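Read the structure below first, then the notes.
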Amino acid sequence: MDYFKLVVFVAVTVLLNIEASYVKDYYALGNGWKYKDTKRPTIVKLAGESVNAFNQEHGTNYKLENVDSARKRREREPHYKLSILAKTNCGKLNTPCTKHLLSDVYGNPKSGNKLKISVEEDQNYYPYHLNVF
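In mature numbering (1 follows the signal peptide of the UniProt record, and there is no 0), the protein residues as written are -20 to -1, 1 to 113.
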(Lines of atoms letter the chains of each structure in order from A and count residues from 1; the text may use other names and numbers.)
(Lines give C-alpha, C1' and ligand atoms only; values in the text may rest on other atoms or scores of the structure.)
Protein backbone atom coordinates (compact mmCIF):
# COMPACT_ATOMS: atom_id res chain seq x y z
CA MET A 1 0.00 0.00 0.00
CA ASP A 2 2.90 2.37 0.73
CA TYR A 3 4.29 1.78 -2.76
CA PHE A 4 0.93 2.70 -4.30
CA LYS A 5 0.87 6.01 -2.40
CA LEU A 6 4.44 6.71 -3.47
CA VAL A 7 3.65 6.00 -7.14
CA VAL A 8 0.57 8.24 -7.03
CA PHE A 9 2.57 11.01 -5.34
CA VAL A 10 5.35 10.82 -7.96
CA ALA A 11 2.84 10.75 -10.84
CA VAL A 12 0.95 13.78 -9.53
CA THR A 13 4.20 15.68 -8.96
CA VAL A 14 5.41 14.96 -12.50
CA LEU A 15 2.08 15.96 -14.05
CA LEU A 16 1.93 19.21 -12.08
CA ASN A 17 5.49 20.00 -13.07
CA ILE A 18 4.70 19.43 -16.76
CA GLU A 19 1.55 21.57 -16.59
CA ALA A 20 3.35 24.40 -14.78
CA SER A 21 5.90 24.69 -17.58
CA TYR A 22 3.16 25.85 -20.00
CA VAL A 23 2.14 28.81 -17.85
CA LYS A 24 3.46 32.06 -19.36
CA ASP A 25 2.74 34.40 -16.49
CA TYR A 26 2.19 32.92 -13.02
CA TYR A 27 0.89 36.24 -11.68
CA ALA A 28 -1.87 36.34 -14.31
CA LEU A 29 -2.84 32.76 -13.50
CA GLY A 30 -3.72 33.69 -9.93
CA ASN A 31 -5.81 36.69 -10.94
CA GLY A 32 -8.12 34.83 -13.30
CA TRP A 33 -6.60 36.09 -16.56
CA LYS A 34 -6.61 33.68 -19.49
CA TYR A 35 -4.43 34.15 -22.54
CA LYS A 36 -6.36 34.27 -25.81
CA ASP A 37 -5.25 33.47 -29.34
CA THR A 38 -4.34 36.75 -31.05
CA LYS A 39 -5.60 35.48 -34.43
CA ARG A 40 -9.21 34.93 -33.28
CA PRO A 41 -11.71 37.13 -35.14
CA THR A 42 -13.12 38.51 -31.88
CA ILE A 43 -9.69 39.65 -30.67
CA VAL A 44 -8.79 41.17 -34.06
CA LYS A 45 -12.14 43.01 -34.12
CA LEU A 46 -11.60 44.39 -30.60
CA ALA A 47 -8.07 45.49 -31.56
CA GLY A 48 -9.40 47.28 -34.65
CA GLU A 49 -12.03 49.07 -32.57
CA SER A 50 -9.34 50.02 -30.05
CA VAL A 51 -7.16 51.56 -32.78
CA ASN A 52 -10.20 53.46 -34.10
CA ALA A 53 -10.93 54.76 -30.59
CA PHE A 54 -7.29 55.89 -30.26
CA ASN A 55 -7.51 57.65 -33.65
CA GLN A 56 -10.69 59.49 -32.65
CA GLU A 57 -9.25 60.51 -29.29
CA HIS A 58 -5.92 61.78 -30.65
CA GLY A 59 -6.84 62.82 -34.21
CA THR A 60 -4.41 60.36 -35.82
CA ASN A 61 -4.67 57.87 -38.68
CA TYR A 62 -3.15 54.62 -37.37
CA LYS A 63 -4.02 51.23 -38.83
CA LEU A 64 -3.95 47.89 -37.04
CA GLU A 65 -0.70 46.07 -37.74
CA ASN A 66 -0.65 43.21 -35.23
CA VAL A 67 -2.03 42.04 -31.90
CA ASP A 68 0.93 41.18 -29.66
CA SER A 69 -0.98 39.66 -26.75
CA ALA A 70 -4.53 39.26 -25.54
CA ARG A 71 -5.88 38.29 -22.12
CA LYS A 72 -9.41 37.91 -20.86
CA ARG A 73 -10.89 37.91 -17.39
CA ARG A 74 -14.52 37.53 -16.46
CA GLU A 75 -15.70 40.00 -13.84
CA ARG A 76 -19.32 41.18 -14.01
CA GLU A 77 -18.75 41.37 -17.74
CA PRO A 78 -15.81 40.25 -19.89
CA HIS A 79 -12.65 42.36 -19.57
CA TYR A 80 -10.03 42.14 -22.32
CA LYS A 81 -6.45 43.46 -22.10
CA LEU A 82 -4.85 43.85 -25.50
CA SER A 83 -1.35 44.78 -26.54
CA ILE A 84 -1.57 46.22 -30.06
CA LEU A 85 0.94 47.34 -32.68
CA ALA A 86 -0.42 50.13 -34.92
CA LYS A 87 1.23 51.66 -37.98
CA THR A 88 0.94 54.83 -40.09
CA ASN A 89 3.04 56.82 -42.57
CA CYS A 90 5.05 59.70 -41.10
CA GLY A 91 7.03 62.65 -42.37
CA LYS A 92 7.71 63.97 -45.84
CA LEU A 93 9.00 60.62 -47.11
CA ASN A 94 6.02 58.64 -45.75
CA THR A 95 8.25 56.35 -43.73
CA PRO A 96 6.34 53.82 -41.62
CA CYS A 97 5.90 54.77 -37.97
CA THR A 98 4.77 52.25 -35.40
CA LYS A 99 3.09 52.80 -32.07
CA HIS A 100 2.47 50.29 -29.32
CA LEU A 101 -0.98 50.63 -27.76
CA LEU A 102 -2.37 49.13 -24.56
CA SER A 103 -6.13 48.64 -24.57
CA ASP A 104 -8.70 47.71 -21.93
CA VAL A 105 -12.04 46.62 -23.35
CA TYR A 106 -15.05 46.08 -21.09
CA GLY A 107 -18.19 44.37 -22.34
CA ASN A 108 -19.31 41.41 -24.40
CA PRO A 109 -18.38 41.96 -28.07
CA LYS A 110 -20.95 39.39 -29.23
CA SER A 111 -23.91 40.97 -27.43
CA GLY A 112 -24.16 44.03 -29.66
CA ASN A 113 -24.05 46.42 -26.68
CA LYS A 114 -21.66 49.36 -26.69
CA LEU A 115 -18.19 48.44 -25.48
CA LYS A 116 -16.18 50.59 -23.07
CA ILE A 117 -12.74 50.97 -24.64
CA SER A 118 -9.78 52.63 -22.94
CA VAL A 119 -6.61 52.95 -25.05
CA GLU A 120 -3.27 54.48 -24.18
CA GLU A 121 0.15 54.60 -25.76
CA ASP A 122 2.83 52.39 -24.24
CA GLN A 123 5.48 54.87 -23.11
CA ASN A 124 8.06 52.09 -22.64
CA TYR A 125 7.91 50.96 -26.28
CA TYR A 126 11.05 51.61 -28.30
CA PRO A 127 10.98 50.59 -31.98
CA TYR A 128 13.85 48.31 -32.89
CA HIS A 129 14.61 50.21 -36.12
CA LEU A 130 15.63 53.29 -34.10
CA ASN A 131 18.33 51.32 -32.29
CA VAL A 132 21.67 52.58 -33.59
CA PHE A 133 23.94 50.62 -31.26
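Each residue gets a CB set at the ideal place from its N, CA and C atoms; glycine is no exception. These numbers were taken from a predicted model, which means no experiment stands behind them.
Out of Asn69, Lys72, Ser63, His59, point me to the one whose CA is closest to Asn104's CA.
Taking only the C-alpha atoms, the option nearest Asn104 is Ser63.
At least 3 beta-carbon pairs within less than 8 Å: the region 40 to 51 vs the region 84 to 93
In short, these stretches do not touch, since the Cβ pair count stays below three.
Any idea what DSSP makes of Asp(-19), helix, strand or coil?
In this structure, Asp(-19) counts as helix in the three-state DSSP scheme.
Is the region 20 to 32 touching the region -17 to -5, taking contact as three or more C-beta pairs under 8 Å?
No, they do not touch.
Using a 10 Å radius around the Cβ and a threshold of 16 neighbouring Cβ atoms, would you call Tyr60 buried or exposed?
So Tyr60 counts as buried.
Whole-angstrom distance between Leu(-6) and Leu(-15), CA atom to CA atom:
Taking the straight line joining both Cα atoms gives about 14 Å.
Give the range of the alpha helix (DSSP H) segment to which residue 114 is assigned.
Because the chain here runs from -20 to 113, residue 114 falls outside it and cannot be looked at.
For the putative contact between Asp102 and Leu73, defined by C-beta atoms under 8 Å, what is the C-beta separation to the nearest angstrom?
That pair is no contact at about 25 Å.
C-beta atoms of Lys19 and Arg51 nearer than 8 Å:
Pairing Lys19 with Arg51 gives a Cβ-Cβ distance that is not under 8 Å.
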